[in-house]
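Following: one structure in structure tokens, then a few remarks.
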Amino acid sequence: MRARLFSLMRRILKLRYPTDLQPQTGYIGEFATWEEAKAGVPGYSDPNIAQRVAYGTTEVLSGRKAYERDSITFETRQYAFPIATALLWASRARSALNVLDFGGGLGTTYFQNRPFLQAVSQVNWVIVEQQTFVEQGKHLFRDSQVSFCSDMREALATEIPDIVLFSSSLQYVERPYEMLEAVKASKVPMVVFDRTLFSGRLHDVLTRQYVSADIFSAVIPTWIFSESKFLNYMESNYTLVSKFLASCSTVENDRENRNLQESGYLFVLNGSQYDIALRSPIISENKQ
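Note that the numbering used here gives residue 157 to position 137 of the sequence shown, counting from 1, and the numbers run on in steps of one.
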């Protein structure tokens with residue numbers, strides 16, 4: 021009976037989705053250029069994506085849901101404690117916190133960490149996003165700790181943040197190292213990466229991410245970073261404090277079996293108060 025049922029389901033799927041048209045999800049293919057990777061596919065800039073995320077964010081703002089990620093809402097928060105630790109550490113210097121959240125959607129990481137932020141007297145959380153998200157954000161977050169802009173360099177020029185967050189965002193930028201160069205030039209004291217794709221190769225690779233329709237229908241050009249290249253670049257100006265597992269991973273969806281990892285990293289600026297604190301000798305409380 022079970023075998024007959026599975027056979028029937030396979031026939032139904034074949035009728036609904038011909039073999040060459042069956043929906044794909046995950047990381048598929050490799051491309052020589054960004055133009056090639058994005059050619060003929062719907063990207064992240066589709067206004068319908070921002071609208072779908074906005075609906076989930078409205079559920080959070082109303083208190084009906086606790087947390088939203090990629091338009092999916094949750095009854096309880098899924099904490100990322102390395103990020104929470106970094107935020108609280110960055111706030112210690114002046115009992116306030118200026119955050120630049122690159123690609124932060126409509127406040128995913130903000131809502132994720134809001135319970136911890138209650139310990140900080142003043143929070144200014146700036147999200148850099150595409151214009152469709154900026155428009156939705158300005159409508160939803162009036163008179164809030166959260167604000168929106170569409171230009172990374174403009175945000176950095178307005179005020180140097182205490183911390184910059186890249187959470188599942190850097191790999192979706194055409195020229196990611198230009199974003200990192202802007203952060204370096206501004207001498208941001210702390211930088212955190214989460215949910216970022218890496219491989220053991222010596223060079224970066226372009227692929228496509230086919231997003232499940234349960235989240236939102238999209239095909240997005242995506243960088244798989246060379247971990248060694250990335251670390252060499254960052255460590256020219258920053259000290260690596262910690263590498264940690266991504267708060268949420270999608271590497272099991274790699275259809276090319278490239279042995280990817282989705283990781284997080286915490287860096288502090290060389291010579292900053294955080295770097296000095298890390299290098300300070302440990303003072304024993306048991307004085308002789």
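Glycine residues also receive a C-beta, built at the ideal position from the N, C-alpha and C atoms.
Everything numeric in this text was worked out from a predicted model, so none of it was measured.
Unbroken alpha helix (DSSP H) run spanning I296, endpoints: Taking the first residue of the sequence shown as 1, we reach residue 296 at position 276. Annotation for I296: the continuous alpha helix (DSSP H) segment containing it runs Q293 to R299.
Q150 (DSSP reduced to helix, strand or coil): If you number the sequence shown from 1, residue 150 lands on position 130. Looking at Q150 - three-state DSSP - the assignment turns out to be coil, as it is neither helix nor strand.
Residue span of the beta strand (DSSP E) that contains G46, given as start and end: In the sequence shown, residue 46 corresponds to position 26, counting from 1. Start and end: G46 to F51.
N118, enclosing beta strand (DSSP E) - first and last residue: Your numbering for residue 118 matches position 98 in the sequence shown. Counting along the chain, the beta strand (DSSP E) containing N118 begins and ends at A116 to F122.
Inter-stretch contact at 8 Å, needing at least 3 Cβ pairs: the segment 180-195 / the segment 207-222: Yes: the two stretches touch, three or more of their Cβ pairs being nearer than 8 Å.
Beta-bridge partners of P241, as assigned by DSSP: Translated into the one-based positions of the sequence shown, residue 241 becomes position 221. R228, per the DSSP bridge assignment.
Environment of P301 [buried if 16+ CB atoms lie within 10 Å]: By 1-based counting over the sequence shown, the position of residue 301 is 281. Classification of P301: exposed, given that the 10 Å Cβ count is below 16.
Nearest candidate by alpha-carbon position, reference L251, set T270, R278 and H223: Counted from its first residue, the sequence shown places residue 251 at position 231. With distances taken between Cα atoms, L251 lies closest to H223.
Runs of beta strand (DSSP E) wholly within the segment 153-237 (minimum 3 residues, chain order): The beta strand (DSSP E) runs of length 3 or more contained entirely in the segment 153-237 are, from start to end of the chain, 166-169, 183-187, 210-219 and 225-231.
Same chain, Cβ closer than 6 Å to L137, neighbours up to 5 away in sequence not counted: Your numbering for residue 137 matches position 117 in the sequence shown. These residues qualify, in order along the chain: V143.
Own chain residues within Cβ distance below 7 Å of T129, not counting five before or after: Start at 1 with the first residue of the sequence shown, and residue 129 comes out as number 109. The residues are I103, D121, L185 and S187.
Proximal residues to M172 (C-beta, below 7 Å), its chain only, five neighbours per side dropped: Here the question's residue 172 lines up with position 152 in the sequence shown. If we look at M172 and ignore the five residues flanking it on each side, its Cβ neighbours are F122, V148, M199 and A202.
Three-pair Cβ contact test at 8 Å for the segment 62-71 versus the segment 278-289: no
Three-state secondary structure (DSSP) of G63: Numbered from its first residue, the sequence shown carries residue 63 at position 43. Correct three-state label for G63: coil.
Collapsed DSSP secondary structure at A271 in the structure displayed: Locating residue 271 in the sequence shown gives position 251, counting from the first residue. In the sequence as displayed, the identity of residue 271 is Val instead of Ala. Here V271 sits in helix by DSSP.
Buried or exposed (CB count within 10 angstroms, at least 16 for buried), I296: Locating residue 296 in the sequence shown gives position 276, counting from the first residue. It is exposed - the Cβ of I296 has fewer than 16 other Cβ atoms within 10 Å.
Presumed contact (8 Å Cβ cut-off) between N118 and D182, rounded CB distance: The residue you call residue 118 lines up with position 98 of the sequence shown. The residue you call residue 182 lines up with position 162 of the sequence shown. Yes, they are in contact, since the Cβ atoms of N118 and D182 sit about 5 Å apart, within 8 Å.
Nearest-angstrom Cα separation, counted from F153 out to E88: Along the sequence shown, read from residue 1 onward, the residue named residue 88 stands at position 68. Along the sequence shown, read from residue 1 onward, the residue named residue 153 stands at position 133. So the two alpha carbons sit approximately 14 Å from each other.
Nonlocal neighbours in the same chain, by C-beta distance under 7 Å from R275, ignoring five residues either side: Taking the sequence shown and counting its residues from 1, the one referred to as residue 275 is at position 255. Listed in chain order, the non-local C-beta contacts of R275 below 7 Å within the same chain comprise G46, Y47 and I48, local neighbours out to five positions each way being set aside.
Cβ neighbour criterion (16 or more within 10 Å) applied to L298: One-based indexing of the sequence shown puts residue 298 at position 278. Label assigned to L298: exposed.
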